[in-house]
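Chains F, A and G are the protein sequences, given in the same order.
The letter at position 278 of the first sequence is residue 293 when you use my numbering, and the numbering goes up by one with no holes.
The letter at position 318 of the second sequence is residue 333 when you use my numbering, and the numbering goes up by one with no holes.
The letter at position 342 of the third sequence is residue 357 when you use my numbering, and the numbering goes up by one with no holes.
Beta carbons are placed, not taken as given, at the ideal position from N, Cα and C, and that holds for glycine.
Reading through the structure tokens given below for one structure.
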Amino acid sequence: MSRTVSRSAREIAEFLSARIDGSPDVSISGVAGPDGARASDLIYADSLRYAERAARSAAVCVLCTAEMSLTGKTRILVENPKLAFAKVAAWLLAPAAVSSGVHPTAIIAGTARIGPEASVGPYAIVEEGATIGARAQIGAHCVIGAGARVGEACVLYPRVTLYVGVTLGDRVVVHSGTVIGSDGFGYVYGEGRQWKFPQLGSVEVADDVEIGANSTVDRGSLGVTRIAAGVKIDNLVQIAHNVTIGEHTVIAAQTGISGSSNVGHHAVIAGQVGIADGCTIEDEAVCGAQAGIPSGKTIRKGQVVWGTPARPLDKFKEQYACYGRLPDLFTRVRELEEKMKAMQGGK
Amino acid sequence: MSRTVSRSAREIAEFLSARIDGSPDVSISGVAGPDGARASDLIYADSLRYAERAARSAAVCVLCTAEMSLTGKTRILVENPKLAFAKVAAWLLAPAAVSSGVHPTAIIAGTARIGPEASVGPYAIVEEGATIGARAQIGAHCVIGAGARVGEACVLYPRVTLYVGVTLGDRVVVHSGTVIGSDGFGYVYGEGRQWKFPQLGSVEVADDVEIGANSTVDRGSLGVTRIAAGVKIDNLVQIAHNVTIGEHTVIAAQTGISGSSNVGHHAVIAGQVGIADGCTIEDEAVCGAQAGIPSGKTIRKGQVVWGTPARPLDKFKEQYACYGRLPDLFTRVRELEEKMKAMQGGK
Amino acid sequence: MSRTVSRSAREIAEFLSARIDGSPDVSISGVAGPDGARASDLIYADSLRYAERAARSAAVCVLCTAEMSLTGKTRILVENPKLAFAKVAAWLLAPAAVSSGVHPTAIIAGTARIGPEASVGPYAIVEEGATIGARAQIGAHCVIGAGARVGEACVLYPRVTLYVGVTLGDRVVVHSGTVIGSDGFGYVYGEGRQWKFPQLGSVEVADDVEIGANSTVDRGSLGVTRIAAGVKIDNLVQIAHNVTIGEHTVIAAQTGISGSSNVGHHAVIAGQVGIADGCTIEDEAVCGAQAGIPSGKTIRKGQVVWGTPARPLDKFKEQYACYGRLPDLFTRVRELEEKMKAMQGGK
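Now the structure itself:
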């Protein structure tokens with residue numbers, strides 16, 4: 016998947032501004048989990064369980080906290096080993112190119128512009144007026160609609176469709192099969208049938224967004240569907256027309272967000288969540304897996320909600336605990352009724 | 016997205032058989048929401064909130080009800096402004112062509128027939144015996160399987176797959192990534208493994224159906240999966256083998272309908288609904304978001320159901336209101352028990 | 016969909032090691048449901064309702080149990096008619112080829128290897144170092160990533176993406192639009208944004224697996240996502256990074272399995288189920304439709320669970336029955352309170 020560059024433990028520690036304990040000259044040329052690691056792979060340990068696995072690992076160099084002792088290893092001491100590991104991996108490993116150069120079978124319209132060092136894979140199509148930013152990689156079979164804009168250093172894996180006029184910021188990653196800019200699901204009912212409401216808006220995806228495989232993002236009906244910088248979206252997610260998603264929010268697989276709902280920044284939307292139309296999910300809110308947010312509802316800043324209809328987690332837990340004890344409650348009420356009857360009979 | 020034709024307000028009023036109030040000569044060349052509209056865009060107002068936005072809008076011509084006063088605007092007076100707006104938009108705006116002519120890279124089998132004025136995009140494939148109707152547009156990278164039939168004026172966005180033998184009526188629209196005619200999920204368990212049950216049926220999609228992006232419609236096992244005229248299906252929807260959907264029913268995103276279930280006409284199935292196998296959803300029934308319909312269940316004509324397992328909305332609300340008061344009920348029962356104990360002790 | 020070979024009823028009975036009752040010389044050249052069958056189609060009957068339809072069918076030859084009398088038909092007597100039907104159909108019907116030969120527009124990298132009698136459809140791409148097994152069929156527009164391995168007699172329908180390094184065993188079937196090997200959804204939060212955790216692992220799919228349309232299977236982050244032999248996966252299913260699925264397990268449409276969860280063998284996962292991260296679903300367990308399994312939870316061997324959060328079916332039913340009677344319980348408690356009040360007042 017990746018081309019690796021060799022770095023010494025010292026260079027990695029310098030990159031992280033971290034202290035090093037043990038030999039700084041060990042050479043690192045990859046990253047791995049502790050069990051499958053080679054000597055030259057960097058590993059990390061952020062829990063006791065991981066420390067035990069790290070101790071047994073063939074890896075020589077470990078990212079860990081200062082408190083973690085690992086005899087015989089070169090330790091690079093950081094506060095958050097997993098975060099440091101992610102940063103080093105991104106620095107050390109250049110991901111395999113999705114495409115390389117403009118393939119002779121790519122169809123580039125006359126008015127499309129391809130930036131310097133950008134590449135377009137086989138059978139990809141870039142329509143009239145579309146622009147591909149510098150160093151962007153467009154995978155095989157992608158379709159970049161007329162007037163669409165792909166920013167610098169974007170990576171579109173094979174078989175991504177951008178409908179006309181969709182814009183992606185810089186460093187956006189889109190996985191295979193995802194469709195951005197399809198018509199929103201808007202109809203007006205009348206005279207016994209559905210009439211299509213115009214779906215003429217657009218989609219604007221900001222910098223550093225990543226979208227998984229086979230997801231769908233609809234264009235605005237008359238406005239814009241907006242995904243802010245740093246948002247991460249998993250596979251098979253549905254984003255409807257006119258939705259806005261704030262910065263650095265994460266949305267797990269198979270979640271659906273209905274028309275005109277607004278999700279704030281740094282929110283966490285778990286898997287299979289359903290957000291109906293016109294909802295407001297404020298900043299830093301958390302929607303638990305399979306939660307259902309009814310139409311027009313607001314989830315307050317930082318609130319954690321669960322269930323359908325979604326309610327605050329502590330309330331959900333209290334109610335659910337009661338739910339589990341319902342059969343018992345029925346028994347208790349029956350006993351009370353019998354005692355009451357006996358008592359009234361005995362009067 | 017669209018090529019527009021200029022029309023006067025008078026022409027639009029005539030098209031709608033509507034009265035006009037104000038200058039009938041203003042020229043209209045697009046449609047928009049009130050906030051982003053130019054002077055030449057048609058807007059509509061069907062609520063007080065919209066009327067205020069319309070009053071402030073740069074747009075000169077407004078579709079609204081007779082009661083709505085909008086000084087200085089040309090008003091076209093209709094009963095249902097949103098419906099009229101949808102009709103005018105469809106009449107005024109020719110959507111951008113998905114393809115144009117038969118692209119030289121399209122692969123058309125020798126026995127396939129391409130109707131007059133139909134177009135087939137780059138790298139699309141039309142297999143043996145398939146027919147493409149007059150004026151139909153087949154997007155780039157579509158695969159039209161052997162013997163499949165695409166009706167007149169259909170629009171298939173890029174990357175749609177029709178498996179062999181699938182038939183689409185006239186004016187069917189299918190968005191990017193959707194797959195129609197894949198094998199149903201049918202296996203017979205025996206001798207410790209799953210044996211594939213034959214999936215030899217077909218899919219018949221009638222006129223004026225629209226299907227969103229990345230949805231899937233399976234072929235019948237031995238019969239036919241049928242989608243009737245005017246049905247509208249959103250993104251990421253699953254329609255299993257041998258399902259039938261009645262006319263003008265709408266199905267929102269991420270809903271799944273299992274094998275051999277029948278949905279009537281004019282039903283409304285919200286998002287993330289799960290309909291198990293062998294269910295009957297009668298005409299005009301409404302299934303609320305995330306509802307779950309258990310195997311073999313019937314939802315009666317016009318009934319509105321919610322929840323999992325789904326039940327009538329009023330029952331759902333009554334039970335759910337009780338659910339929210341459960342912690343309180345537990346307290347009340349405990350108090351009763353204490354009083355009872357005191358009373359019995361006091362006897 | 017299929018090319019059929021003619022066989023006599025005798026040959027079919029021999030293939031099944033089954034007894035025959037009636038003329039053994041009738042010629043069979045297809046399979047069908049009883050209603051749509053021609054005289055030469057094999058049908059089956061495994062219930063009274065099916066037997067009545069079989070009696071009225073034009074089909075001459077019926078797979079049924081010995082107890083089922085069907086005057087005038089040739090009966091092939093088996094214990095499990097549906098299973099026998101599936102076996103005969105697979106034996107009798109060669110499915111239509113997905114591709115035939117290596118199409119001149121397929122792009123095969125110099126170091127890729129294509130096995131004997133394998134075929135690669137138009138515009139498909141086989142990248143460097145990939146191998147396609149003997150008799151495998153790669154549909155149009157498929158992308159087989161660098162170093163990926165497709166086993167013998169696999170069938171990939173059009174528009175399947177295998178990311179780099181993904182391996183499929185023998186006889187694996189993958190339907191259109193499915194993506195295998197996309198990056199898992201792994202980020203580490205720090206300094207106000209999400210950092211991508213490396214997604215460098217792979218996906219290993221064993222023999223005889225079938226995966227439906229538009230499903231997604233993510234690669235392991237540092238390890239491997241594994242799907243064991245005989246697993247059947249429906250449409251629009253999400254399998255996250257580092258998940259393992261045991262042999263012959265079936266997973267219905269729109270289910271999602273989160274990171275590092277393990278599902279045992281012969282499990283049955285119904286539609287729209289959500290399994291959170293780090294769960295263990297033991298062998299032969301059954302998760303009912305729309306069930307939600309919370310993070311880290313274990314479902315015991317053979318256990319049948321329903322609901323969110325999932326609980327054993329009998330418990331689910333008991334609690335749910337109570338839930339339906341909640342309004343009544345509230346009334347009963349209020350009556351008790353009134354009686355209690357009256358009693359205390361009366362003391």
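Through-space distance from residue j to residue i, alpha-carbon basis
i                : j                : result
VAL288 (chain F) : GLY289 (chain G) : 10 Å
ALA121 (chain G) : ALA139 (chain G) : 5 Å
THR80 (chain A)  : THR182 (chain F) : 37 Å
LEU107 (chain G) : ILE58 (chain G)  : 13 Å
LEU78 (chain G)  : LEU92 (chain G)  : 6 Å
ARG326 (chain A) : ARG326 (chain G) : 21 Å
THR323 (chain A) : TYR335 (chain G) : 10 Å
SER276 (chain F) : GLY293 (chain F) : 4 Å
GLY307 (chain G) : HIS118 (chain A) : 48 Å
GLY162 (chain F) : ILE226 (chain F) : 21 Å
MET358 (chain A) : TYR338 (chain A) : 30 Å
ALA124 (chain F) : VAL179 (chain F) : 13 Å
MET16 (chain F)  : ARG208 (chain G) : Per-residue confidence for MET16 (chain F) stands at a pLDDT of 46, beneath the threshold of 50, marking its modelled position as unreliable; the derived number appears in the next sentence. One C-alpha to the other measures close to 24 Å.
ILE147 (chain A) : ALA112 (chain A) : 16 Å
GLU353 (chain F) : PRO342 (chain A) : 23 Å
Assigned secondary structure, residue i (DSSP; H/G/I helix, E/B strand, else coil)
i                : result
LYS330 (chain G) : helix
ASP292 (chain A) : coil
PRO119 (chain F) : coil
LYS363 (chain G) : Since the first and last residues shown for chain G are 16 and 362, residue 363 (chain G) lies out of range.
THR313 (chain F) : strand
VAL246 (chain A) : coil
ASP233 (chain A) : strand
ARG25 (chain A)  : helix
GLN359 (chain G) : helix
ARG198 (chain G) : Per the sequence shown, the amino acid found at residue 198 (chain G) is Asp instead of Arg. ASP198 (chain G): coil per DSSP, three-state reduction.
MET16 (chain A)  : Confidence in MET16 (chain A) is poor, its pLDDT being 45 and thus under 50, which makes the residue's placement unreliable; the coordinate value appears in the next sentence. MET16 (chain A) falls in the coil class under three-state DSSP.
GLU51 (chain A)  : Looking at the sequence provided, one finds Gly at residue 51 (chain A) rather than Glu. If DSSP states are grouped into helix, strand and coil, GLY51 (chain A) belongs with coil.
THR346 (chain F) : helix
CB contact flag (residue i, residue j, <8 Å)
i                : j                : result
ALA149 (chain A) : PRO131 (chain A) : yes
LEU171 (chain A) : GLY154 (chain A) : yes
VAL103 (chain A) : LEU31 (chain A)  : yes
VAL232 (chain F) : ILE266 (chain F) : no
GLY235 (chain A) : GLY216 (chain A) : yes
ASP222 (chain A) : ASP249 (chain A) : no
SER84 (chain A)  : ALA52 (chain A)  : no
ILE43 (chain G)  : ARG22 (chain G)  : yes
ALA285 (chain G) : ALA300 (chain G) : no
ARG64 (chain A)  : ASP50 (chain A)  : no
ASP56 (chain G)  : GLY45 (chain G)  : yes
TYR204 (chain F) : LYS247 (chain A) : no
VAL187 (chain A) : VAL158 (chain A) : no
THR176 (chain G) : ARG174 (chain F) : yes
Per DSSP, cross-strand counterpart(s) of residue i
i                : result
TYR204 (chain A) : A:GLN209
THR146 (chain A) : A:ARG128 and A:ARG164
THR176 (chain G) : G:VAL158 and G:VAL194
GLN152 (chain A) : A:SER134 and A:VAL170
Item to check | Residues of the stretch 138-150 of chain A whose Cβ lies closer than 8 Å to any Cβ of chain G, in chain order | outcome: From the stretch 138-150 of chain A, only TYR138 and ILE140 have a Cβ closer than 8 Å to chain G.
Checklist entry - Residues in the stretch 187-202 of chain A with C-beta within 7 Å of chain F's C-beta atoms, listed in sequence order? => result Of all residues in the stretch 187-202 of chain A, HIS190, SER191 and GLY192 have a Cβ within less than 7 Å of some Cβ in chain F.
Checklist entry - Of the residues that make up the stretch 202-219 of chain A, which ones have a beta carbon closer than 9 Å to any beta carbon in chain G? => result The stretch 202-219 of chain A vs chain G, Cβ under 9 Å: TYR202, VAL203, TYR204, GLY205, GLU206, GLY207, ARG208, GLN209, TRP210, LYS211, PHE212, PRO213, GLN214, LEU215, GLY216 and SER217.
Item to check | Interface residues of the stretch 284-318 of chain G facing chain A [CB-CB below 7 Å] | outcome: GLY286, GLN287, ALA304 and GLN305
Item to check | Members of the stretch 84-108 of chain A that neighbour chain F once the beta carbon cut-off is set at 8 Å | outcome: ASN95, LYS97, LEU98, PHE100, ALA101, LYS102, ALA104, ALA105 and LEU108
Next on the checklist: Residues of the stretch 266-285 of chain F in Cβ contact with chain G at a cutoff of 7 Å, in chain order, please.
Outcome noted: ALA267, ALA268 and GLN269
Next on the checklist: Residues of the stretch 240-263 of chain F in Cβ contact with chain G at a cutoff of 9 Å, in chain order, please.
Outcome noted: Hits within the stretch, in order: ALA244, GLY245, VAL246, LYS247, ILE248, ASP249, ASN250, LEU251, GLU262 and HIS263.
Checklist entry - Using a beta-carbon distance cut-off of less than 9 Å, what residues from the stretch 345-356 of chain G approach chain F? => result ARG347, VAL348, GLU350, LEU351, LYS354 and MET355
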